[in-house]
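Here the protein sequences come in this chain order: A and B. Here this note's numbering runs 27 ahead of the position in the first sequence, where the first position is 1. Here this note's numbering runs 27 ahead of the position in the second sequence, where the first position is 1. Following: one structure in structure tokens, then a few remarks.
Number of protein chains: 2
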Amino acid sequence: MPAHGTRNLIIEKADTLFYEGGFAATSFADIAAAVGISRGNFYHHFKSKDEILNAVISRRLKRTRKMLDDWQAGGAQPRDRILSFIHMLITNRIKIMAFGCPVGTLCSELAKLDHEAQHRAAEIFGLFRDWLAGQFRALGIDAQAEARAMHLLVWSQGVAALSNAFHDEAFIQREVAGITQWLDSVIVDQNNQKEHICS
Amino acid sequence: MPAHGTRNLIIEKADTLFYEGGFAATSFADIAAAVGISRGNFYHHFKSKDEILNAVISRRLKRTRKMLDDWQAGGAQPRDRILSFIHMLITNRIKIMAFGCPVGTLCSELAKLDHEAQHRAAEIFGLFRDWLAGQFRALGIDAQAEARAMHLLVWSQGVAALSNAFHDEAFIQREVAGITQWLDSVIVDQNNQKEHICS
DNA sequence: ATCAGGCTAGGTCACTTGTCCTAATTCGTC
DNA sequence: GACGAATTAGGACAAGTGACCTAGCCTGAT
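Put into structure tokens, the structure is as follows:
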């Protein structure tokens, strides 16, 4: 296997292990075992554990950007695009109940470790926030676009945290229904307001 | 100092360190340094690190119960009692921005470690949920009481997670205002519904 | 076919971890 | 003041950590 492939495999396995077990609790031995290479061999690919973390964050940023671009490229309406975001809670519900949200839990762990990479990790939230705000602007919601986007982030993070604590799948379903209802009420309000201005 | 005092001091310092640095990342050496005793001396008070964790969770459960009891004992209206809960976000905003919510981050870490104490930690959430549901019932909201309580937990957890990631104090203020507005709208709806039934 | 470079395995390093032990000290009670 | 129990300090222990090294293996370009 070319080095390029091994390097990517290390990043991929580390990503999963950092998510499922936490960054600090994941050792080189764990990653080596998952990849199937020897421990000492790591330093040919990465100088330190922090460098792996940075590569993992870069990978997550890249994949998040790609996912958002894909959602953007599809011919869907802004409402359905936003629903794509919300439905991640259902798609990933098993992992979320077991390990929480990958973004939120990484940010919180890095904050506690006072790790310099914490701001880069938070950029993933920034990607979602900006993309969601763009959807709300596409719906004609300008002034409140960012606040609405943050509200969706807040809501989904809360659902992830509590479904992780309570391990309750039905709760996720109910909350997603609630978020969808809220979204539609926001859209209806916006349409009513537009009507009001036009009339 | 009596053993009882030392034991409590260990629990207290461990509580803070587990919150600010995480459970796994906090070593006996850290706790010993914070308490001002020698490392080896620990096993006279606690058999293992897990036993300290259990004691810390017990302490948090006890203190949470006491706080909720105090809020309950005051002559305040249910609305103001609920606001006491919400305003923890503002009171503790500095620590929340730095370390997240003590309950949420502990639950998430223990879930990743697959630690047996994770369910006991989640009981703290349970205390808040049940108490908040009680307040909503006191407002005449019966069927939806628990859903409303969970919504408050979700919202506050989301605010804690995102203010931790973005380190944005103004965001907390805006969200608390939003939560208060939502609470009042829930109360108004309930009163309107009551009127409707009576008339 | 050769040979240089990328790649790997396995070991070593100093250090920290949770756990445990023992000898000494303190303290309340008589 | 003396005794016994509670408490303490300071180490020792094996295991595991991130980091590093070196000797060899493969592979692809010449």
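Heads up, the beta-carbon is just placed ideally off N, CA and C, and yes, glycines get one too.
- A Cβ-Cβ distance of about 22 Å is found for the pair B/N191 and A/S85, leaving them out of contact under the 8 Å criterion.
- Proximity of A/V215 to chain B, defined by a Cβ-Cβ separation below 7 Å, is not satisfied.
- In this structure A/V186 is buried. Its beta-carbon is surrounded by 16 or more other beta-carbon atoms within 10 angstroms.
- For the options B/L154, B/I37, B/R92, the alpha carbon positioned closest to that of B/G63 is the one of B/I37.
- With a threshold of 16 other beta carbon atoms within 10 Å, B/E143 falls short and is exposed.
- Apart from the 5 residues on each side of it in sequence, B/L180 sits with its Cβ closer than 8 Å to the Cβ of F152, F155, R156, L159 in its chain, given in chain order.
- Contact annotation: B/I109 and B/Q145 have beta-carbon atoms that are not nearer than 7 Å.
- Out of A/F112, A/D141, A/K122, the CA that lies nearest to the CA of A/Y46 is found in A/K122.
- Not one beta carbon of chain A lies nearer than 7 Å to the beta carbon of B/A160.
- At the C-beta level, A/F55 and A/F69 come within 7 Å of one another.
- At least one CB atom of chain B sits nearer than 7 Å to the CB of A/W182.
- Around A/V186, the beta-carbon contacts reaching into chain B at under 9 Å are V181, Q184, G185.
- A direct Cα-to-Cα measurement between B/G127 and B/D169 gives close to 32 Å.
- Residue environment: A/E78 is assigned as exposed (fewer than 16 neighbouring CB atoms within 10 Å of its CB, all protein chains considered).
- Contact fails between the segment 98-112 of chain A and the segment 86-97 of chain B, because fewer than three Cβ pairs, one in each stretch, are under 8 Å apart.
- Taking every protein chain shown into account, the CB of B/I117 has fewer than 16 other CB atoms within 10 angstroms, so this residue is exposed.
- Cβ contact annotation for A/T91 (same chain, cutoff 6 Å, sequence separation greater than five): I151, L154, in chain order.
- Taking CB atoms only, A/G48 has a neighbour in chain B less than 7 Å away.
- For B/N191, the enclosing alpha helix (DSSP H) has its first and last residue at 172-193.
- In chain order, R86 place their CB closer than 8 Å to the CB of B/E39, counting only its own chain and leaving out the 5 sequence neighbours on each side.
- Taking 7 Å as the cut-off between beta carbons, the residues of the segment 139-151 of chain A near chain B are K139, L140, A149, in sequence order.
- The C-alpha of B/P105 lies about 16 Å from the C-alpha of B/A174.
- For the segment 188-219 of chain B, the residues whose beta carbon sits under 9 Å from a beta carbon of chain A are, in order, A188, L189, N191, A192, F193, H194, F198, R201, E202, G205.
- For B/T91, the nearest beta carbon of chain A is not closer than 7 Å to its own beta carbon.
- Residue B/S183 holds the alpha-carbon nearest to the alpha-carbon of B/Q200 among B/V215, B/S212, B/I214, B/S183.
- Nearest CB-CB separation between B/S85 and chain A: not below the 7 Å threshold.
- For B/I121, the uninterrupted alpha helix (DSSP H) run begins and ends at 120-126, by DSSP.
- When secondary structure is reduced to three states using DSSP, B/D169 falls in the coil class, being assigned neither helix nor strand.
- For B/D42, the CB contacts under 8 Å within the same chain, skipping 5 residues up- and downstream, are V83, R86, R87 in chain order.
- Looking only at A/M94, A/E196, A/A125, A/A149, the smallest Cα-Cα distance to B/F193 is reached by A/A149.
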